[in-house]
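Data block below; observations after.
Protein chains: 2
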Amino acid sequence: MDYTKFIEEQIAAIRQTVGDAKAITALSGGVDSSVVTVLGHRALGKNLKTVFIDSALMRQSEPQRVADRFASLGIPVELVDAQDDFLAALAGLTDPEEKRQAVTDTFYSKVFSRLVKESGAKFLLHGTILTDIEETVAGIKRQHNILAQLGIDTQESYGYAVIEPLKTLRKDDVREVAKALALPADVYHRIPFPGPALATRIVGEVTRQRLTTVRKATAIVEEELGDSGAFQYLAVLLNDRATGIRHGKREFGQIIVVRCVQSTDARTATATELPWKKLHRICDRIITEIEDVNRCLYDLTGKPPATIEYI
Amino acid sequence: MDYTKFIEEQIAAIRQTVGDAKAITALSGGVDSSVVTVLGHRALGKNLKTVFIDSALMRQSEPQRVADRFASLGIPVELVDAQDDFLAALAGLTDPEEKRQAVTDTFYSKVFSRLVKESGAKFLLHGTILTDIEETVAGIKRQHNILAQLGIDTQESYGYAVIEPLKTLRKDDVREVAKALALPADVYHRIPFPGPALATRIVGEVTRQRLTTVRKATAIVEEELGDSGAFQYLAVLLNDRATGIRHGKREFGQIIVVRCVQSTDARTATATELPWKKLHRICDRIITEIEDVNRCLYDLTGKPPATIEYI
Chain V
1 MDYTKFIEEQ
11 IAAIRQTVGD
21 AKAITALSGG
31 VDSSVVTVLG
41 HRALGKNLKT
51 VFIDSALMRQ
61 SEPQRVADRF
71 ASLGIPVELV
81 DAQDDFLAAL
91 AGLTDPEEKR
101 QAVTDTFYSK
111 VFSRLVKESG
121 AKFLLHGTIL
131 TDIEETVAGI
141 KRQHNILAQL
151 GIDTQESYGY
161 AVIEPLKTLR
171 KDDVREVAKA
181 LALPADVYHR
191 IPFPGPALAT
201 RIVGEVTRQR
211 LTTVRKATAI
221 VEEELGDSGA
231 FQYLAVLLND
241 RATGIRHGKR
251 EFGQIIVVRC
261 VQSTDARTAT
271 ATELPWKKLH
281 RICDRIITEI
291 EDVNRCLYDL
301 TGKPPATIEY
311 I
Chain S
1001 MDYTKFIEEQ
1011 IAAIRQTVGD
1021 AKAITALSGG
1031 VDSSVVTVLG
1041 HRALGKNLKT
1051 VFIDSALMRQ
1061 SEPQRVADRF
1071 ASLGIPVELV
1081 DAQDDFLAAL
1091 AGLTDPEEKR
1101 QAVTDTFYSK
1111 VFSRLVKESG
1121 AKFLLHGTIL
1131 TDIEETVAGI
1141 KRQHNILAQL
1151 GIDTQESYGY
1161 AVIEPLKTLR
1171 KDDVREVAKA
1181 LALPADVYHR
1191 IPFPGPALAT
1201 RIVGEVTRQR
1211 LTTVRKATAI
1221 VEEELGDSGA
1231 FQYLAVLLND
1241 RATGIRHGKR
1251 EFGQIIVVRC
1261 VQSTDARTAT
1271 ATELPWKKLH
1281 RICDRIITEI
1291 EDVNRCLYDL
1301 TGKPPATIEY
1311 I
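Protein chains in written order, with the numbering used here: chain V, 1 to 311; chain S, 1001 to 1311.
Encoded structure:
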């Protein structure tokens, strides 16, 4: 595939479709939305509004880091603080499906739909890829009809239109396009990170305090395993507690699970056989650097029957 | 220390104290109660009644295995089915301290006290060791005044007396006494197993079904790690569930933690660096042989800050 040609064609197509109107896109920092943002920016310049929605569910410094990264590429990103919206929607929820749904609904129906309306944009750029469409058709993923998710039923009445420049590509191709666009390597080599973000890594209720705990553990795991060559690595905060003893006193602490897997396409995965020295070091850091955590477990399970994430 | 002499002295002392009266002892299968049972039997013959209380919390086939083992040594053991008493006491409890207390209370105040009264015994043989007394004095363990635990306050009025033949010994000495008594090696080399048994290995409520799950996992771990040379190895059933995928369908399964530690005295411990092949094999067996379990985690944490058990 000729990626340079693909890029030129998509830029031309976006320009032709949007004309002098305004478009908007939501950047997450993942490779799909990053590529769409760059294509949109090259096509439309300042007629593209790029927002990064801070859901409170992102990793350490992630919103600012993504915004800075794109600013350095000459693409302005508006950081939107929607932390309270997401935390309010998640309060009291413990069922995994309900939590995922709450994140999706808050993102599309509440926060992004408001931003779209306020922006005056008539076009939405969206990073849908071929696999998303296939999985939606197969019933594995919920639908990717973004207009419906935004609560916009009648495209004709309101004049909204969705542009999906990557809908014919698979992930590998998107990475090649990113490379051809001269995006930094850490954008297209980024380990997978799910849409509902850290909400998928908290068993039980998602609260500001519990997010702080899993965020710290995630930072340690990413720091320690950044050069592991593994497909994906992450930290999960369980809801259970277990007994422990610290400074001679009995305590009842929280539990972090470290997960690190080998995989080619995320459809199957096996637990990485990490060096024991590395496992001990990660465990030591987690139980000493994170308040109230006194256990660290390593997930041995492959996919199937486990999934990579916990929610 | 001269263990043969110790044995002779204790047998003579028990015989002298009890005379022609009857005595009773509760055998758990652990080294302390096994040694006390053999000493008592040699001293008193059929004037010693030995009971094994089946609390529903024991490991696979454990009550029958212990009874058979002592029967083959010529020591009759009465199996007492108290499963319903323990399960009723544990129903609805999730707090670790409350669960431990419920097991202790049911054992002493309800089941064993009834057996003592029914037996007509005036003497109780009990496997208290020096460490128990020291830890009780230091406030680490709850008190070991067995008469109070049996709800018997006035020894004078009722004529009950407790005999503690091992109260001057530490665990290592007890093992030597077991050896000198020609007890089988698997009695004195048995890995530690806590008094509240499998109740310490279930996070959340202890039910018959959840006991079945952790009992199967325990059997697999003990079978696979029997020759590991580790100080202790066990399986824990968490209360949390995580998503999984089996036969193309999303499921929400249970989680087993495997724990295996190196230690000399249980006061400190480190996670054993097991071969990956062994870890994968244990995980595979757990997720295929046990219904409703789709994750297997390995505990990396040392003691402190974790304890060896989870409750």
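Backbone N, C-alpha and C define an ideal beta-carbon position, used for all residues, glycine too.
By alpha-carbon positions, which one of the options ends up nearest to residue i?
i, options, result
"Val258(V)", "Thr301(V), Gly244(V), Glu251(V), His247(V)", "Thr301(V)"
"Phe70(V)", "Asp85(V), Gly40(V), Ala219(V)", "Gly40(V)"
"Asp85(V)", "Phe112(V), Thr218(V), Lys22(V), Gly120(V)", "Phe112(V)"
"Leu211(V)", "Lys5(V), Phe52(V), Gln83(V)", "Gln83(V)"
"Ile1075(S)", "Gly1127(S), Asn1047(S), Gly1120(S), Glu1097(S)", "Asn1047(S)"
"Tyr233(V)", "Lys5(V), Ile286(V), Gln262(V)", "Gln262(V)"
"Leu44(V)", "Ala23(V), Val116(V), Lys277(V), Ala306(V)", "Ala23(V)"
"Gly127(V)", "Gln10(V), Glu289(V), Ile290(V)", "Gln10(V)"
"Gln361(V)", "Gly244(V), Val221(V), Tyr188(V), Met1(V)", "Absent from the structure is residue 361(V), since the part of chain V shown begins at 1 and ends at 311."
"Leu1027(S)", "Thr1004(S), Ala1012(S), Gln1016(S), Lys1049(S)", "Lys1049(S)"
"Glu78(V)", "Val51(V), Arg42(V), Glu205(V)", "Val51(V)"
"Thr243(V)", "Gln1101(S), Asp1105(S), Val1203(S), Asp1002(S)", "Val1203(S)"
"Cys283(V)", "Ala219(V), Ala306(V), Glu251(V), Ala266(V)", "Ala219(V)"
"Arg326(V)", "Ala306(V), Arg241(V), Glu273(V)", "Within the shown structure, residues of chain V are numbered from 1 to 311, placing residue 326(V) beyond reach of any answer."
"Ala1271(S)", "Asp292(V), Gly253(V), Leu297(V)", "Leu297(V)"
"Gly1226(S)", "Val1174(S), Arg1190(S), Leu1090(S), Ala1269(S)", "Arg1190(S)"
"Asp1132(S)", "Val1236(S), Asp1299(S), Leu1169(S)", "Leu1169(S)"
"Gln64(V)", "Thr37(V), Gly29(V), Leu87(V)", "Gly29(V)"
"Glu1309(S)", "Glu289(V), Asp292(V), Glu251(V)", "Glu251(V)"
"Leu1279(S)", "Ala1269(S), Glu1291(S), Asp1292(S), Asp1299(S)", "Asp1299(S)"
Mind pulling the chain S residues with CB within less than 8 Å of residue i?
i, result
"His280(V)", "Ala1271, Leu1300"
"Val323(V)", "The displayed coordinates of chain V run from 1 to 311. Any statement about residue 323(V) would go beyond what the structure contains."
At 7 Å on the CB atoms, spell out the chain S contacts of residue i, in chain order.
i, result
"Cys260(V)", "Residues of chain S passing the Cβ test: none, with the nearest at roughly 12 Å."
"Arg295(V)", "Asp1299, Thr1301, Ala1306"
"Asn239(V)", "Asp1240"
"Ile287(V)", "Thr1301, Pro1305"
"Tyr310(V)", "Ala1242, Thr1243"
Bridge partners for residue i per DSSP, in chain order?
i, result
"Glu1078(S)", "Val1051(S)"
"Phe252(V)", "Thr243(V)"
"Ile1163(S)", "Leu1125(S)"
"Ile1024(S)", "Lys1049(S), Leu1124(S)"
"Asp1299(S)", "Leu297(V)"
"Ile308(V)", "Per DSSP, none; premise fails for Ile308(V)."
"Cys260(V)", "Tyr233(V)"
"Thr1270(S)", "Gln1262(S)"
"Ile191(V)", "According to DSSP, which records beta bridges pairwise, Ile191(V) is partnered with nothing at all."
"Ile202(V)", "Leu237(V)"
With burial defined as no fewer than 16 other Cβ atoms inside 10 Å of the residue's Cβ, what is the status of residue i: buried or exposed?
i, result
"Ser55(V)", "buried"
"Val1035(S)", "buried"
"Arg201(V)", "buried"
"Met58(V)", "buried"
"Ser72(V)", "exposed"
"Arg215(V)", "buried"
"Gly19(V)", "exposed"
"Asp1186(S)", "exposed"
"Gly92(V)", "exposed"
"Lys1005(S)", "exposed"
"Asp32(V)", "buried"
Which chain V residues sit within Cβ distance under 9 Å of residue i?
i, result
"Gly1244(S)", "Thr301, Lys303, Pro304, Pro305, Ala306, Thr307"
"Tyr1233(S)", "Result: empty, since nearest Cβ-Cβ is about 15 Å, beyond 9 Å."
Which residues in chain V sit within 8 Å of residue i, going by Cβ to Cβ distance?
i, result
"Pro1096(S)", "Thr243, Phe252"
"Val1257(S)", "Leu297"
Within 8 Å of any Cβ in chain B, is that where the Cβ of residue i sits?
i, result
"Ile7(V)", "Among the protein chains of the structure shown, namely V and S, there is no chain B."
Chain-ordered residues of the stretch 1205-1223 of chain S with a beta carbon less than 7 Å from chain V: Residues: none.
Interface positions of the stretch 163-193 of chain V facing chain S (Cβ-Cβ less than 8 Å), listed along the chain: Under the 8 Å Cβ criterion, the stretch 163-193 of chain V contributes no residue.
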